[in-house]
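Below is one structure, written out as C-alpha cells, with a few remarks after it.
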Amino acid sequence: YFCIAPGSRSSPLAVAAASHPNATCISCFDERSLAFHAVGYARGSCGPAVVITSSGTAVSNLLPA
Numbered sequence: 223y224f225c226i227a228p229g230s231r232s233s234p235l236a237v238a239a240a241s242h243p244n245a246t247c248i249s250c251f252d253e254r255s256l257a258f259h260a261v262g263y264a265r266g267s268c269g270p271a272v273v274i275t276s277s278g279t280a281v282s283n284l285l286p287a
C-alpha cells in the first residue's frame, strides 16, 4: 500500500510503485494528511503503508503523524 505525495525528486519511485501490478496506490497533495492516512491504514489493516514524498520540507510535514 503506497501513499504518494507527488514531487519532482520522487517521481521515478512513485511511477515504479504505481506501475507495479500488485501495488495499491493513493495520491494526495498534502503531505500531512497523507501521513495520517498512512498511519490510519497501517493501524486498521495491521499491514505496512509506505509514504513516498519529495525531499526537503515535504518530509517535515510528515512528522505530526
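Quick note: to get our numbering, add 222 to the position in the sequence shown (first position is 1).
Each residue gets a CB set at the ideal place from its N, CA and C atoms; glycine is no exception.
This one's a predicted model, so the numbers in the text were calculated from it and none came from an experiment.
Measuring straight from C-alpha to C-alpha, what distance separates residue i and residue j?
i: residue 257; j: residue 243; result: 23 Å
i: residue 270; j: residue 251; result: 21 Å
i: residue 234; j: residue 276; result: 11 Å
i: residue 309; j: residue 282; result: This structure gives no information on residue 309, because the portion of the chain shown stretches from 223 to 287.
i: residue 254; j: residue 279; result: 11 Å
Applying the 10 Å Cβ sphere with the 16-neighbour rule, what's the burial state of residue i?
i: residue 227; result: buried
i: residue 268; result: exposed
Is it true that the CB of residue j sits closer than 8 Å to the CB of residue i?
i: residue 261; j: residue 287; result: yes
i: residue 247; j: residue 239; result: yes
Nearest by alpha-carbon distance to residue i: which of the options is it?
i: residue 241; options: 284, 266, 264 and 223; result: 223
Pop quiz: residue i and residue j are said to be a contact at Cβ under 8 Å. What is the actual Cβ separation, rounded to whole angstroms?
i: residue 232; j: residue 274; result: 5 Å
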